[in-house]
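Quick note: the sequence shown uses the working numbering, first residue 373, plus one each step. Worksheet: the structure to be examined is printed underneath.
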Amino acid sequence: MRFVCVTPNAAVDRILHLSRPRAPHGLNRVARVSESAGGKGMNVARVLKALGAEVVVAGFLAGLNAARFKALLERDGLDGPFVAVTGETRECQIVVDGHGQPMEINDPGPLAEASDWERLAAGLPEGRLVISGSLPPGLSPEEFGKFLTAIAERRGEKPVVDTSGPFLVTAAAAGVALVKPNEHEIGLLSPGTADPVEAARGVYARTGVPVLLTLGAAGAAYVGTESAFVPAPSIDAVNPVASGDCLLAAFLWAGAQAWPTAEALRLGVAAGAANARLGGGGRLRREEVFAQLRQVAQAVALD
């Protein structure tokens, strides 16, 4: 199966590796700098490719950073249709010291209006559509809902969506194939429900949209026609950035191989844990994911 990974708000990620724990109000010295083609959809694409899937990437690019992004994309062996829009592709600074949650400083991104989204949809090849990450300015939640409905009709298949805020609410209401909130975002979909798993159950009951729920260091749950929870293995986390993207990619890859849902969820948890343990950023090798899988407990069915 081919996957088409859309990153609406693509970025040039600059990861600043500090030589010592970050000083919030003092001088911080950078030991090493790395750059990558960033955005949640790019992380998903890299892991899918590492697992052996055919992957096409797409999104919006603008300004001088477009050339930088394309060069980084080529380095990763990825390609696909990107629509040129107004403004500047964002740059994201990620400060990592190995002693706590990384600090991220993200630009807002270029302007992508409804007509730009239509151009994007028209150029997408066939394949399982996965839309990941924030949206750049220019599209309202209501317009995003119309886009999701139209592209499902155009392609004959509903997309997988991993986004946040009102756009996540819109995606669930539009009846997409799958949403992937974290333990904080699920509250937007089920206000007033404190337990994240119960909130996910409420979403599925109301909308019929399956929920892949990431729970950070606790693990992950899937709520749909089958429901399961998989605890995360105990690891020494270096950098958890992109672990949720890795989890989604591995879960989708396993599903495309007709793995049982519980086993697909285990592979997803393994990918997320391996990413956090090995430095983050969604740069995994297939053997690293499967080695981590041996440390992941069996899934627990959710009644």
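Just so it is clear, CB atoms sit at the ideal spot from N, CA and C, and this is done for glycine as well.
Per-residue DSSP class, three states only, for residue i
i           : result
residue 578 : helix
residue 548 : coil
residue 592 : strand
residue 399 : coil
residue 385 : strand
residue 613 : coil
residue 664 : helix
residue 562 : coil
residue 392 : coil
residue 440 : helix
residue 507 : coil
Residue range of the unbroken alpha helix (DSSP H) whose run includes residue i
i           : result
residue 457 : Premise fails: residue 457 is in no alpha helix (DSSP H) and is neither H nor E.
residue 648 : 633-650
residue 520 : 513-527
Neighbourhood of residue i by C-beta distance below 6 Å, restricted to the same chain and skipping five residues each side
i           : result
residue 569 : 593
residue 469 : 390, 393 and 394
Own chain, CB closer than 7 Å to residue i, minus 5 neighbours either side, in chain order
i           : result
residue 625 : 420, 423 and 425
residue 416 : 377, 502, 504, 617, 620 and 621
Neighbour-count burial assignment, residue i, 16 or more Cβ in a 10 Å radius
i           : result
residue 563 : exposed
residue 509 : exposed
residue 446 : exposed
residue 379 : buried
residue 413 : buried
Distance cut-off 8 Å: residue i Cβ against heavy atoms of the ligand SAM
i           : result
residue 646 : Absence of the ligand SAM is noted for the structure shown, with no ligands found whatsoever.
Extent of the continuous beta strand (DSSP E) run through residue i
i           : result
residue 603 : 599-603
residue 475 : 475-478
residue 491 : Residue 491 -> not in any beta strand (DSSP E); alpha helix (DSSP H) instead, spanning 486-495.
residue 461 : Counting along the chain, residue 461 falls outside any beta strand (DSSP E), and DSSP gives it neither H nor E.
residue 430 : 426-433
residue 423 : Segment 412-423 is the alpha helix (DSSP H) holding residue 423; no beta strand (DSSP E) there.
Residues near residue i in its chain [Cβ-Cβ closer than 8 Å; skip 5 each side]
i           : result
residue 488 : 432, 455, 457 and 510
Exercise. Counting pairs of beta carbons, one from the segment 527-536 and one from the segment 491-506, are three or more of them closer than 8 Å?
Worked result: Contact holds between the segment 527-536 and the segment 491-506, because three or more Cβ pairs, one in each stretch, are under 8 Å apart.
For this session: Decide yes or no for the touch test of the segment 585-592 against the segment 602-612: beta carbon pairs closer than 8 Å, at least 3 of them.
Result: With the cut-off at 8 Å, the segment 585-592 and the segment 602-612 touch.
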